[in-house]
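Residues 5 to 520, numbered by the working numbering, are exactly what the sequence shown covers, in order. Glycine residues also receive a C-beta, built at the ideal position from the N, C-alpha and C atoms. Note that the structure is predicted; figures quoted are calculated from it, not measured. To start, the structure under review is shown below, and the notes come after it.
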Amino acid sequence: MKKDLILILDFGSQYSYMIARRIRDIGVSISLCNYNISISHILSIKPKGIILSGGPFSVYDNGAPLISKNIFQLDIPILGICYGMQLISFLFGGKIKKSKYKEYGKSYFIIDHFNNNLFYEIPIKSVVWMSHCDEIKNIPKKFQIIGHTSSCSIASIMHLNKEIYAVQFHPEVKNTEFGISILKNFILRICKCTKKNWDLNNFVKNSIYKIKKRVNKKKVILGFSGGVDSFVTAYIIHQSIGNYLNCIFIDTGFLLKKEKERISFLCKKMNFSVKIIDAKNHFLSRLNGIIDPEKKRKIIGKEFIYLFQKESEKIKDVEFLAQGTIYSDIIESSSRNNQLSHFIKSHHNVGGLPHYTFMKLKLIEPLKKLFKDEVIKIGKKLGLPEEILYRHPFPGPGLSIRIIGEINEKKISILKEAESILLQELKNYNIYNSVSQAFIILLPIKSVGVMGDKRTYEYVAVLRIINTEDFMTATFSHLSYDFLEKISNRIINEVDGINRMVYDITSKPPSTIEWE
Ligand code: XMP
């Protein structure tokens, strides 16, 4: 029997994959596609519901992504989110306007009309997450307003005779208090999806069986990063084929202190080996004099691929390239190719080597259908140490994007020392596991200080500690002054080169988590 499926049409929102994530959590399969797939394609996959995502456009923009009105004739329930709501309204003849106030972040949503399934058992007033510049001015005929916020009088609408609903806020973002319940109402009550068809049980057993059968004593290479995706991928493949797996770890020189040793130790503990390539000088020379963050990122990505390729060619008879790709990586690179989402940063992801470089190799991506927290659950089932499972994320370009501006050996060593002190204190204060990510940024600015009666003139460093569910939105962590003071004192006293610490109190958006 065909599985119940929800189709998400992506109009370029930074949050589209979060919609997918939430629905998978509810236990229903999803397909996330470009907004412009054909009606016949939609009919062929037989979705039980369609979600139109948000996006960075205004419906009146030149080249704004639109869909055929025929989608409303399919008799499939539809939920529009943010841009999706404006689009529904526009296509039915409503009017859109620029909001008087751009609205980003927390708002209070008031339900105006309870007699609908979307807001079944949702309280009359709740916190929602808004992120928009446009809003509906006049609703189209046959629609009804079902909710508002203080600055947006039309924050939710529904069709009077069809199962078409829309919300201006983002129910997929955790900061929306009843977002998951609203999505559940849409998927289970309105679309009537009943079959829970997504289940992690048996995942490992099946993966090991499939990999063993497919690889059949041929060699596999894996670009190893030391993150949880990498460890879980390596562990599953090693369980399947033992030493036919060859892990390569490239030390860019932008790693945390003792990272190499940590990785060697953990791999030994888990009985597989990793070849470590020392490429510190290679990367440092390529980044000499580079200031622009995007240039840095691009150079690192390119050099990484070059070195990985060179190393992998030394291993004879390799047939497979394994990657720690997870579902969010796939969504990023496939549905995002539609050029709709605004470009923020080019990520260098060790687990995501471009396959065109290794065309002759067949891909193994055991985690490609999983989201991060599912990978962690699997890692837990496999008995991986907590140190791996709950390690804060560390970006592929590493410390290079935490040294703002030009990079040199001295700055790397200053930052490594400062980051190491931060890590020790996060653990001493038992804070590490209650924050999502914590790190230091070294600014290219010097300030005057005084130490033991002597004038100092040294770098300013920033402490960035955030809490987040999904790394798409984040808030700075509200930590005690005692802890902040301890970090500042220790870093300034123990790290030669920093004489001032500041705490970053911005959230994401409008800032990003890393500074470059
Ligand atoms: P931003 O700075 O975009 O970061 O708010 C969101 C999360 O992604 C991490 N990050 C990266 N991870 N390669 C990675 O593997 C990268 O190039 C990269 N850049 C940022 C960042 O640390 C945060 O967890």
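Which word fits Gln428, buried or exposed, when buried means at least 16 other C-beta atoms lie within 10 angstroms of its C-beta? Counting Cβ neighbours within 10 Å, Gln428 comes out exposed, since fewer than 16 surround it.
Near Tyr239, what residues of its chain come up, given a Cβ to Cβ distance below 7 Å and the 5 sequence neighbours on each side ignored? Met274, Leu386, Leu388.
Between Met505, Phe480, Ile491, Ile186, which has its C-alpha nearest Glu462's C-alpha? Put simply, of Met505, Phe480, Ile491, Ile186 the residue whose alpha carbon is nearest the alpha carbon of Glu462 is Met505.
Helix or strand or just coil, what does DSSP make of Met134? Reduced to three states, the DSSP call for Met134 is strand.
Quick check: what's the CA-CA separation for Leu467 versus Arg406? Using only the alpha carbons, I get a separation of about 11 Å.
Can you find at least 3 beta carbon pairs, one from the stretch 422-437 and one from the stretch 318-335, that sit closer than 8 Å? With a cut-off of 8 Å on Cβ pairs, the stretch 422-437 is not in contact with the stretch 318-335, counting fewer than three such pairs.
Just to confirm the assignment, what range does the alpha helix (DSSP H) spanning Asn250 have? Not the alpha helix (DSSP H): Asn250 falls in the beta strand (DSSP E), residues 249-255.
Whose CA, out of Lys145, Ala326, Asn165, Ala442, lies closest to the CA of Lys223? Per the Cα distances, Ala326.
With DSSP as the reference, label Gln243 as helix, strand or coil. In this structure, Gln243 counts as helix in the three-state DSSP scheme.
Is Ile348 near the ligand XMP, going by C-beta to nearest heavy atom under 7 Å? At least one heavy atom of the ligand XMP is nearer than 7 Å to the Cβ of Ile348, so yes.
Let me know the secondary structure DSSP gives Asn341 once reduced to three states. Below a pLDDT of 50, predicted positions are generally treated as unreliable, and Asn341, at 48, falls in that range; the measurement from the model is reported next regardless. Asn341 falls in the helix class under three-state DSSP.
Less than 7 Å separating the Cβ of Arg301 from some heavy atom of the ligand XMP? Indeed, a heavy atom of the ligand XMP lies less than 7 Å from the Cβ.
Could you give the distance in angstroms between the alpha-carbon of Ile392 and the alpha-carbon of Ser440? Taking the straight line from one Cα to the other gives about 14 Å.
Would you kindly work out how many angstroms separate the C-alpha atoms of Ala442 and Arg494, rounded to a whole number? Roughly 16 Å between the two C-alpha positions.
Residue(s) in a DSSP beta bridge with Val208: For Val208, which the question treats as bridged, DSSP gives no partner whatsoever.
Taking only the alpha-carbon atoms, compute the straight-line gap between Lys52 and Asn210 and give it to the nearest angstrom. C-alpha of Lys52 to C-alpha of Asn210: approximately 28 Å in a straight line.
Under 7 Å from any heavy atom of the ligand XMP, does the C-beta of Thr516 make it? Closer than 7 Å to some heavy atom of the ligand XMP: that describes the Cβ of Thr516.
If I'm right that Leu371 touches Thr237 with Cβ under 8 Å, what's the distance once you round it to whole angstroms? Beta-carbon to beta-carbon, Leu371 and Thr237 are separated by about 6 Å, close enough to satisfy the 8 Å threshold.
What three-state label does DSSP hand Tyr394 in the structure shown? The DSSP-derived three-state label of Tyr394 is coil.
From Leu56 to Lys214, what distance separates their C-alpha atoms? Linking Leu56 to Lys214 through their CA atoms gives a straight-line distance of about 35 Å.
Is any non-hydrogen atom of the ligand XMP found closer than 7 Å to the C-beta of Gly400, if you look at the structure I gave you? Using a cutoff of 7 Å, the CB of Gly400 counts as near the ligand XMP, since one of the ligand's heavy atoms is closer than that.
Is Phe253 a contact residue of the ligand XMP, with contact defined as CB to any heavy atom under 7 Å? Checking the 7 Å criterion, the Cβ of Phe253 is out of range of every heavy atom belonging to the ligand XMP.
If we call anything under 8 Å between Cβ atoms a contact, is Ile115 one with Ile126? Taking a C-beta distance under 8 Å as the contact criterion, Ile115 and Ile126 qualify as a contact pair.
Do Leu187 and Ile27 have their C-beta atoms closer together than 8 Å? Using a Cβ distance threshold of 8 Å, Leu187 and Ile27 count as a contacting pair.
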